[in-house]
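Participant:
Here it is, written out as C-alpha coordinates:
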(Lines of atoms letter the chains of each structure in order from A and count residues from 1; the text may use other names and numbers.)
(Lines give C-alpha, C1' and ligand atoms only; values in the text may rest on other atoms or scores of the structure.)
Protein backbone atom coordinates (compact mmCIF):
# COMPACT_ATOMS: atom_id res chain seq x y z
CA UNK A 1 0.00 0.00 0.00
CA UNK A 2 2.79 2.40 0.87
CA UNK A 3 4.39 1.68 -2.52
CA UNK A 4 1.27 2.79 -4.41
CA UNK A 5 0.87 5.95 -2.35
CA UNK A 6 4.53 6.83 -2.75
CA UNK A 7 4.58 6.21 -6.51
CA UNK A 8 1.12 7.54 -7.31
CA UNK A 9 2.51 10.44 -9.31
CA UNK A 10 4.50 8.01 -11.46
CA UNK A 11 1.45 6.44 -13.10
CA UNK A 12 2.34 5.86 -16.77
CA UNK A 13 1.16 8.38 -19.29
CA UNK A 14 1.85 9.09 -22.93
CA UNK A 15 4.32 11.71 -24.13
CA UNK A 16 3.40 12.41 -27.72
CA UNK A 17 3.96 15.25 -30.11
CA UNK A 18 1.45 16.58 -32.59
CA UNK A 19 3.51 15.05 -35.41
CA UNK A 20 3.38 11.61 -33.80
CA UNK A 21 -0.40 11.88 -33.45
CA UNK A 22 -0.75 12.93 -37.09
CA UNK A 23 1.38 9.94 -38.12
CA UNK A 24 -0.83 7.66 -36.02
CA UNK A 25 -3.96 9.06 -37.70
CA UNK A 26 -2.40 8.64 -41.17
CA UNK A 27 -1.59 5.00 -40.50
CA UNK A 28 -5.08 4.45 -39.03
CA UNK A 29 -6.72 5.83 -42.20
CA UNK A 30 -4.41 3.73 -44.37
CA UNK A 31 -5.31 0.60 -42.37
CA UNK A 32 -1.77 -0.17 -41.27
CA UNK A 33 -1.82 0.97 -37.63
CA UNK A 34 -0.83 -1.87 -35.29
CA UNK A 35 -3.53 -2.75 -32.81
CA UNK A 36 -1.21 -2.36 -29.81
CA UNK A 37 -0.32 1.23 -30.82
CA UNK A 38 -3.98 2.16 -31.16
CA UNK A 39 -4.85 0.73 -27.75
CA UNK A 40 -1.82 2.36 -26.11
CA UNK A 41 -2.85 5.71 -27.62
CA UNK A 42 -6.50 5.60 -26.58
CA UNK A 43 -5.75 3.98 -23.23
CA UNK A 44 -3.27 6.38 -21.64
CA UNK A 45 -3.67 10.03 -20.69
CA UNK A 46 -1.58 12.72 -22.37
CA UNK A 47 -0.94 15.01 -19.42
CA UNK A 48 1.43 17.58 -20.88
CA UNK A 49 -0.83 18.64 -23.78
CA UNK A 50 -4.54 19.09 -23.17
CA UNK A 51 -5.37 19.45 -26.87
CA UNK A 52 -3.72 16.11 -27.70
CA UNK A 53 -5.57 14.49 -24.82
CA UNK A 54 -8.84 15.78 -26.31
CA UNK A 55 -7.81 14.15 -29.61
CA UNK A 56 -7.12 10.92 -27.71
CA UNK A 57 -10.57 11.10 -26.10
CA UNK A 58 -12.19 11.64 -29.52
CA UNK A 59 -10.37 8.55 -30.78
CA UNK A 60 -11.52 6.64 -27.71
CA UNK A 61 -15.13 7.47 -28.59
CA UNK A 62 -14.45 6.52 -32.20
CA UNK A 63 -13.12 3.17 -30.99
CA UNK A 64 -16.56 2.30 -29.59
CA UNK A 65 -18.44 2.65 -32.86
CA UNK A 66 -15.89 3.00 -35.65
CA UNK A 67 -13.72 -0.10 -35.27
CA UNK A 68 -14.64 -3.11 -37.35
CA UNK A 69 -11.99 -5.40 -35.88
CA UNK A 70 -8.45 -6.33 -36.82
CA UNK A 71 -6.70 -7.50 -39.93
CA UNK A 72 -3.23 -8.81 -40.70
CA UNK A 73 -0.91 -6.42 -42.54
CA UNK A 74 2.60 -7.73 -43.19
CA UNK A 75 2.14 -10.21 -40.35
CA UNK A 76 1.02 -7.54 -37.85
CA UNK A 77 -2.43 -7.30 -36.31
CA UNK A 78 -3.74 -3.87 -37.37
CA UNK A 79 -6.91 -2.03 -36.45
CA UNK A 80 -9.61 -2.09 -39.10
CA UNK A 81 -12.14 0.74 -39.13
CA UNK A 82 -15.61 0.77 -40.65
CA UNK A 83 -16.62 3.42 -43.19
CA UNK A 84 -17.88 5.92 -40.63
CA UNK A 85 -14.77 5.37 -38.52
CA UNK A 86 -12.49 6.11 -41.46
CA UNK A 87 -14.50 9.23 -42.32
CA UNK A 88 -14.17 10.49 -38.73
CA UNK A 89 -10.43 9.71 -38.73
CA UNK A 90 -10.03 11.66 -41.99
CA UNK A 91 -11.78 14.68 -40.44
CA UNK A 92 -9.50 14.51 -37.39
CA UNK A 93 -6.45 14.06 -39.61
CA UNK A 94 -7.39 17.06 -41.75
CA UNK A 95 -7.92 19.16 -38.63
CA UNK A 96 -4.69 18.11 -36.92
CA UNK A 97 -2.42 18.09 -39.96
CA UNK A 98 -2.58 21.89 -40.15
CA UNK A 99 -3.18 22.73 -36.48
CA UNK A 100 -0.69 25.11 -34.93
CA UNK A 101 0.04 25.56 -31.25
CA UNK A 102 -0.13 29.23 -30.40
CA UNK A 103 1.59 30.53 -27.32
CA UNK A 104 -0.52 32.96 -25.32
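Numbering (our numbering), first residue to last: 3 to 106. Note that CB positions come from ideal geometry on N, CA and C, so glycine has one too.
The alpha helix (DSSP H) that contains residue 61, what's its start and end?
Facilitator: Here residue 61 refers to the residue found at position 59 when the chain shown is read from its first residue. 52–68 is the extent of the alpha helix (DSSP H) around residue 61.
Participant: Contact between the segment 18–38 and the segment 89–101 is defined here as three or more beta-carbon pairs at a separation below 8 Å; is this criterion met?
Facilitator: The answer is yes - the segment 89–101 touches the segment 18–38, with three or more Cβ pairs under 8 Å.
Participant: Just how far apart, CA to CA, sit residue 72 and residue 80?
Facilitator: Stepping through the chain shown from its first residue, residue 72 is reached at position 70. Stepping through the chain shown from its first residue, residue 80 is reached at position 78. Whole-angstrom Cα-Cα distance: 5 Å.
Participant: Check the DSSP bridge columns for residue 33 and list the partner residues they point to.
Facilitator: Here residue 33 refers to the residue found at position 31 when the chain shown is read from its first residue. According to DSSP, which records beta bridges pairwise, residue 33 is partnered with nothing at all.
Participant: Under 7 Å: does the beta carbon of residue 71 sit that close to some heavy atom of the ligand MN?
Facilitator: Of the ligands one can find in the structure shown there are none, so the ligand MN has no counterpart to examine.
Participant: Where does residue 83 sit, in a helix, a strand or coil, going by DSSP?
Facilitator: Position 81 of the chain shown, counted from the first residue, corresponds to residue 83. Of the three classes helix, strand and coil, the one that applies to residue 83 here is strand, per DSSP.
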